[in-house]
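S.K.: One structure follows; several queries about it will come next.
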Amino acid sequence: MAVGVWQRLDQAGRNLVPFSTTVAAMLLGMMPLQLPDYSFVAPPLTLMSIYYWAIYRPDLLRPLLAFGIGLLQDLLAGSPLGMSALVYVLAYWLVLTQRRYFLGNSFWFLWLGFALVAVGAGAVQWLAYSLMTAHLVGPGNIVAQALLAIVVFPVPAWCFSKLHRSLLSAS
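Per this note's numbering: the sequence shown = residues 1 to 171.
Here it is in structure tokens:
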């Protein structure tokens with residue numbers, strides 16, 4: 001009987017990997033670095049995590065969790081409440097509808113897909129900020145953030161892949 005309890009605890013811990021890595025990515029992405037204007041162009045690590053897990057384990061990272069993580073990020077960062085949640089849920093939905101094309105394809109295809117999602121997420125943010133301020137906001141920071149995200153994506157993707165293979169492939 002004790003073995004059953006430990007097995008269930010182990011499985012529950014493994015099932016929390018997508019959620020916990022996404023929260024960790026959010027916190028890591030919000031860490032202040034002593035670089036000029038870094039906070040305006042910091043790569044969206046949370047978006048990278050949601051993108052990866054929406055493709056490979058959507059059963060463990062649901063849209064409601066992406067929404068909640070987005071709200072938490074907005075609260076912690078002082079952003080307009082719901083902005084990140086909107087972007088994450090839209091990205092999740094988009095990736096989920098195209099999931100079958102990503103599964104079984106090369107990493108290059110995964111990277112290209114993320115590039116499109118990062119540009120789309122930046123466009124949604126830019127449009128939302130422009131509507132909120134009632135004038136067109138300069139797209140410079142959002143373009144820089146999207147480009148940085150595309151360049152950096154292989155590193156977090158590799159980490160997520162290692163976690164996925166080591167902790168979740170047997171479940």
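Yeah, the Cβ is synthetic: ideal placement off N, Cα and C, and Gly gets one too.
(1) Buried or exposed for Q125, please, with buried defined as at least 16 other CB atoms from any protein chain shown within 10 angstroms of its CB.
(2) Just curious, the alpha helix (DSSP H) that N141 is in, first and last residue?
(3) On the criterion of 16 or more Cβ atoms from any shown chain inside 10 Å, does S171 qualify as buried, or is it exposed?
(4) Assuming T46 and Y88 form a contact by the criterion Cβ under 8 Å, report the distance between their Cβ atoms to the nearest whole angstrom.
(5) What residues in its chain sit with their C-beta under 6 Å from that of A115, if we drop five residues either side in the sequence?
(6) Which same chain residues end up closer than 7 Å to H135 when comparing Cβ atoms and leaving out the 5 residues on each side of it in sequence?
(7) A146 and A118 look like a contact to me (Cβ under 8 Å); what is the Cβ gap, rounded to whole Å?
(8) G96: which of P63, L72, M83 and N105 sits nearest, CA to CA?
(9) Grouping DSSP H, G and I as helix and E and B as strand, with all else coil, what is D177?
(10) My guess is that L195 and L71 are in contact by the Cβ rule of under 8 Å, so how many angstroms apart are they, rounded?
(11) So the alpha helix (DSSP H) V17 belongs to, where does it begin and stop?
(12) I'd like to confirm something about S130: is its beta-carbon nearer than 8 Å to some heavy atom of the ligand COA, or not?
(13) Is the Cβ-Cβ distance between I55 and F102 less than 9 Å?
(14) How far does the alpha helix (DSSP H) with Q73 in it reach, from first residue to last?
(15) Going straight from the alpha carbon of L33 to that of P43, what length do you get?
(16) Are F160 and Y38 close, meaning C-beta to C-beta below 9 Å?
(17) Determine the contact status of A25 and A66, defining contact as a CB-CB distance below 9 Å.
M.R.: In this structure, then:
(1) As a position in the sequence shown, residue 125 is number 125, starting the count at 1. Classification for Q125: buried.
(2) Counted from its first residue, the sequence shown places residue 141 at position 141. Where N141 is concerned, the enclosing alpha helix (DSSP H) stretches over G140 to V152.
(3) Position 171 of the sequence shown, counting from 1, holds the residue named residue 171. Because the pLDDT at S171 is just 48, under 50, the model does not fix this residue reliably, and the value given afterwards should be weighed accordingly. By the neighbour-count rule (16 or more Cβ atoms within 10 Å), S171 is not buried but exposed.
(4) Position 46 of the sequence shown, counting from 1, holds the residue named residue 46. Position 88 of the sequence shown, counting from 1, holds the residue named residue 88. T46 to Y88, Cβ: 7 Å. Contact.
(5) Position 115 of the sequence shown, counted from the start, is the residue given in the question as residue 115. The residues are I150.
(6) Translated into positions along the sequence shown, residue 135 becomes position 135. Cβ neighbours of H135 beyond the five flanking positions: none.
(7) The residue given as residue 146 occupies position 146 in the sequence shown. The residue given as residue 118 occupies position 118 in the sequence shown. With a Cβ gap of about 5 Å, A146 and A118 count as contacting.
(8) Here residue 96 refers to the residue found at position 96 when the sequence shown is read from its first residue. Before going further, note that residue 96 is Leu rather than Gly in the sequence given. Checked all of P63, L72, M83 and N105; the closest Cα to L96 is P63.
(9) What the structure shows of the chain is the stretch from 1 to 171, and residue 177 is not part of that stretch, so it cannot be assessed.
(10) Nothing about residue 195 can be reported from this structure: the residues present for the chain run from 1 to 171 only.
(11) For the purposes of this step, residue 17 is taken as residue 17 along the sequence shown, with counting starting at 1. It spans V17 to G29 - the alpha helix (DSSP H) in which V17 sits, taken as one unbroken run.
(12) As far as ligands go, the structure on display features none, and thus does not contain the ligand COA.
(13) As a first step, residue 55 must be located in the sequence shown, where it is residue number 55. As a first step, residue 102 must be located in the sequence shown, where it is residue number 102. Result yes, Cβ atoms of I55 and F102 sit closer than 9 Å.
(14) Numbered from its first residue, the sequence shown carries residue 73 at position 73. Segment P63 to A77, the alpha helix (DSSP H) holding Q73.
(15) As a first step, residue 33 is located in the sequence shown; it is residue number 33 there, counting from the start. As a first step, residue 43 is located in the sequence shown; it is residue number 43 there, counting from the start. Rounded to whole angstroms, L33 to P43 spans 12 Å at the Cα level.
(16) Against the sequence shown, residue 160 aligns to sequence position 160. Against the sequence shown, residue 38 aligns to sequence position 38. No, they are not a contact pair.
(17) Numbered from 1 along the sequence shown, position 25 holds the residue referred to as residue 25. Numbered from 1 along the sequence shown, position 66 holds the residue referred to as residue 66. Against a cut-off of 9 Å, the Cβ pair of A66 and A25 comes out as no contact.
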